[in-house]
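Enquirer: In my numbering, the protein residues as written are 648 to 933. C-beta atoms are modelled at their ideal positions from N, C-alpha and C, and glycine is treated no differently.
#1: Give the DSSP-derived three-state secondary structure of residue 752 in the structure shown.
#2: Examine the Cβ distances between the region 919-927 and the region 719-726 and report whether three or more of them are shorter than 8 Å.
#3: With 16 as the cutoff for other CB atoms within 10 Å, does residue 735 come out buried or exposed?
#4: Please classify residue 902: does DSSP put it in a helix, a strand, or coil?
#5: Determine the burial state of residue 850: buried for a count of at least 16 other Cβ atoms within 10 Å of its Cβ, exposed for fewer.
#6: Please classify residue 705: is it buried, with 16 or more other beta-carbons within 10 angstroms of its beta-carbon, or exposed?
#7: Going by CA-CA distance only, name the one from 838, 703 and 828 that's closest to residue 725.
#8: Report buried or exposed for residue 715, applying the criterion of at least 16 other Cβ atoms within 10 angstroms of its Cβ.
#9: Cα-Cα, which of 757, 930 and 772 is closest to residue 778?
#10: According to DSSP, is residue 915 part of a helix, a strand, or is it coil?
#11: Candidates 769, 864, 853 and 804: which alpha carbon is nearest residue 732's?
#12: Around the C-beta of residue 822, are 16 or more other C-beta atoms found within 10 angstroms, so that it is buried, or is it exposed?
#13: Assign residue 913 to buried or exposed, taking buried as 16 or more other Cβ atoms, counted over all protein chains shown, within 10 Å of its Cβ.
#14: I need the DSSP call for residue 872, collapsed to helix, strand or coil.
#15: Answer with buried or exposed for residue 808, where buried requires no fewer than 16 other C-beta atoms within 10 angstroms of its C-beta.
#16: Ordered along the chain, which non-local residues of its own chain (more than five positions away) have a Cβ less than 6 Å from that of residue 805?
#17: Applying the 10 Å Cβ sphere with the 16-neighbour rule, what's the burial state of residue 852?
#18: Is the beta carbon of residue 898 closer than 7 Å to that of residue 847?
#19: Among 752, 768, 751 and 869, which has the Cα closest to the Cα of residue 895?
#20: Which of the three DSSP states is assigned to residue 925 in this structure?
#21: In chain order, what residues of the same chain lie with their CB nearer than 7 Å to the CB of residue 813, ignoring the 5 residues before and after it?
Structural data, given as structure tokens:
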């Protein structure tokens, strides 16, 4: 018998199309995705913002144009009681940290999940969409395994056709030293999108350690390859096999927490590494 390695939940049907709402509240029906820019009344969230992974000096920079890729495909996720970051991986699917869709072993699925691609501190240029289904690894939902802290949300719209989406990849080779970029939403800065550059400081088979400055709201942020002709002196190592020339935006890690535990986790931020298993799961949820 083949045992499924992941779990899912379906949500009640909602109106299809882009919707816009105040983050942290129930969305209201608005115009379709092809309509002009929408605005939200406030960027208030239901979480108490706190810094949990900033390495001084804080080197994050604000993203001033959230309608250009990949900022357009970076997503503010809100749910009852908080917020996270996600990133589009298809026209209808957002990938994120597993704990952003399910609270872990003995817990429950998040409720009222709403996605705002390219959100900009009160402005939602693509509107928003509700979750129609959510997915997570069973190793997370049943055992809170930090090495499989990844998940995804299928939306009730195909907003990714307007925003674009990130490619994802995996490798078994060492990636320590590979230069990376990450961007996500800061609850302590009115849910605006910020970007940072760093490199992989250490790794295990399922975990990546980095010093991208992060704070509440950035869990679920993508770690992606930098353009080798940009600031990075070394060509990035991880590639999505069998492609010999990786896309510079290939995501191979998902930020999940600030420093914790012992070893490299005590002095670095922590990301779930996209493994071959994780890659297969995410591709099946698209």
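Expert: Quick look at the numbers:
#1: Stepping through the chain shown from its first residue, residue 752 is reached at position 105. Of the three classes helix, strand and coil, the one that applies to residue 752 here is coil, per DSSP.
#2: These segments do not touch.
#3: Position 88 of the chain shown, counted from the start, is the residue given in the question as residue 735. By the neighbour-count definition (other C-beta atoms within 10 Å, threshold 16), residue 735 is a buried residue.
#4: Reading the chain shown from its first residue, position 255 is the one you call residue 902. The answer is strand: DSSP assigns residue 902 an E or B state.
#5: Sequence index remark: in the chain shown, residue 850 carries index 203 (1-based). Burial call: buried.
#6: The residue labelled residue 705 in the question sits at position 58 within the chain shown. Residue 705 is exposed by the Cβ-count criterion.
#7: The residue labelled residue 725 in the question sits at position 78 within the chain shown. When only C-alpha atoms are compared, the closest one is 838.
#8: Stepping through the chain shown from its first residue, residue 715 is reached at position 68. Counting Cβ neighbours within 10 Å, residue 715 comes out exposed, since fewer than 16 surround it.
#9: The residue given as residue 778 occupies position 131 in the chain shown. Here the closest residue by C-alpha is 757.
#10: The residue given as residue 915 occupies position 268 in the chain shown. Looking at residue 915 - three-state DSSP - the assignment turns out to be coil, as it is neither helix nor strand.
#11: To locate residue 732, count along the chain shown from 1; it is residue 85. Closest option to residue 732, judged by alpha-carbon separation, among 769, 864, 853 and 804: 864.
#12: Here residue 822 corresponds to residue number 175 of the chain shown, with the count starting at 1. The residue in question, residue 822, is buried, as its Cβ has 16 or more Cβ neighbours within 10 Å.
#13: Your numbering for residue 913 matches position 266 in the chain shown. Exposed, by the Cβ-count rule.
#14: As a first step, residue 872 is located in the chain shown; it is residue number 225 there, counting from the start. Residue 872 carries a strand assignment under DSSP once its states are collapsed to helix, strand and coil.
#15: The residue given as residue 808 occupies position 161 in the chain shown. Of the other Cβ atoms in all chains shown, fewer than 16 fall within 10 Å of the Cβ of residue 808; this residue is therefore exposed.
#16: By one-based count along the chain shown, residue 805 stands at place 158. Same-chain partners within the cutoff: 738 and 739.
#17: Locating residue 852 in the chain shown gives position 205, where the first residue counts as 1. So residue 852 counts as exposed.
#18: Mapped onto the chain shown, residue 847 falls at position 200. Mapped onto the chain shown, residue 898 falls at position 251. No, Cβ-Cβ distance for residue 847 and residue 898 is not below 7 Å.
#19: Numbered from its first residue, the chain shown carries residue 895 at position 248. Closest by alpha carbon: 869.
#20: Within the chain shown, residue 925 is the residue found at index 278, counting from 1. Reduced to three states, the DSSP call for residue 925 is helix.
#21: For the purposes of this step, residue 813 is taken as the residue at position 166 of the chain shown. Excluding sequence positions up to five before and after residue 813, its CB lies within less than 7 Å of the CB of 717, 720, 734, 735, 736, 869, 871, 896 and 898, all in the same chain and listed in chain order.
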